[in-house]
Amino acid sequence: MDIEYKIVPLPKEKWKGTPIHMAVESDEFYDVTIEKQAEGYTVSLIKKQADPPVKHTIPGSLYKEYFKNAQAWGVVETTNNKDSIVACIETCPEEWSNRLMVTELWVHEKIRRQGIGHRLMEIAKRQAVEEGRRALILETQSCNANAIGFYMHEGFELIGFDSCCYTNNDIRRREVRLDLGIILDGFTEKRDQSVIK
Numbered sequence: 264m265d266i267e268y269k270i271v272p273l274p275k276e277k278w279k280g281t282p283i284h285m286a287v288e289s290d291e292f293y294d295v296t297i298e299k300q301a302e303g304y305t306v307s308l309i310k311k312q313a314d315p316p317v318k319h320t321i322p323g324s325l326y327k328e329y330f331k332n333a334q335a336w337g338v339v340e341t342t343n344n345k346d347s348i349v350a351c352i353e354t355c356p357e358e359w360s361n362r363l364m365v366t367e368l369w370v371h372e373k374i375r376r377q378g379i380g381h382r383l384m385e386i387a388k389r390q391a392v393e394e395g396r397r398a399l400i401l402e403t404q405s406c407n408a409n410a411i412g413f414y415m416h417e418g419f420e421l422i423g424f425d426s427c428c429y430t431n432n433d434i435r436r437r438e439v440r441l442d443l444g445i446i447l448d449g450f451t452e453k454r455d456q457s458v459i460k
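Residue numbers for the sequence shown follow our numbering, so the first one is 264 and each next one is one higher.
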């Protein structure tokens with residue numbers, strides 16, 4: 264019997280600082296190569312087998328200080344009168360660029376593959392549209408092949424990367440920051456309008 268998991272708002276006053284325990288274990292990764300050419304650079308991002316498998320812990324928590332206007336939703340489980348989060352998404356507007364960031368997305372392994380990640384992402388997509396944002400963006404890592412596959416299935420595309428975001432050896436460690444995004448249809452930048460006239 265399938266359980267229907269209810270997604271609820273996660274108020275900042277209750278959930279701020281709640282740790283999100285994300286661990287990546289994958290036998291695949293996206294290999295980033297950057298080659299300098301006479302006329303510029305050639306960059307490639309190719310999925311490859313990881314030997315040995317990639318293992319990284321990615322620390323996270325809800326309502327970090329630098330995400331001042333964050334909002335979160337999730338699935339809460341109550342055991343022995345204690346609430347705990349078993350899935351969540353946190354978003355925060357990036358006002359200067361009029362984009363909405365997904366700052367956290369996590370589903371506990373015991374309830375994965377039941378559509379909860381999709382339902383959480385739908386909340387962020389709806390929020391971005393309702394707020395008139397020009398894009399929905401997020402950060403992931405080249406070692407997190409499963410998450411990248413999920414994001415691509417949700418409509419995200421590569422919009423950039425940072426080859427030394429976490430350490431000076433990110434490429435060798437197979438943990439390069441990838442920026443993914445969905446450019447929202449129907450949005451026309453005011454700056455572009457002035458060029459058209």
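Note that beta-carbon positions come from the ideal geometry of N, C-alpha and C, so glycine has one too. Keep in mind it's a predicted model, so treat the numbers as computed, not measured.
Measuring alpha carbon to alpha carbon, tell me which residue in the options is nearest residue i.
i    : options                : result
K327 : K275, E358, N409, N343 : K275
K373 : R440, E340, T403       : E340
C355 : I348, M364, S347, V349 : M364
E357 : T342, N332, H381       : N332
I283 : V338, R376, S360       : V338
D442 : T430, M415, N432       : M415
K269 : G303, V349, L308       : V349
R397 : L421, W369, N361, R382 : N361
G378 : A335, I400, F413, L399 : F413
F424 : G418, I400, E417       : I400
I422 : R376, G444, K318       : G444
I266 : R389, L447, R376       : R376
D448 : R389, N343, Q300       : R389
Would residue i and residue j qualify as a contact pair, given that the criterion is a beta-carbon distance under 7 Å?
i    : j    : result
A313 : E288 : no
C406 : E367 : no
A391 : I352 : no
W278 : L325 : yes
R435 : E402 : no
W369 : P272 : no
K311 : D294 : yes
To which residues does DSSP link residue i through a beta bridge?
i    : result
C351 : G337, W369
R537 : With the chain represented from 264 up to 460, any question about residue 537 goes unanswered, as that position is not in the structure.
Please report the Cβ distance between residue i and residue j, rounded to the nearest whole angstrom; I am assuming they are in contact, meaning their Cβ atoms lie under 8 Å.
i    : j    : result
H381 : E417 : 7 Å
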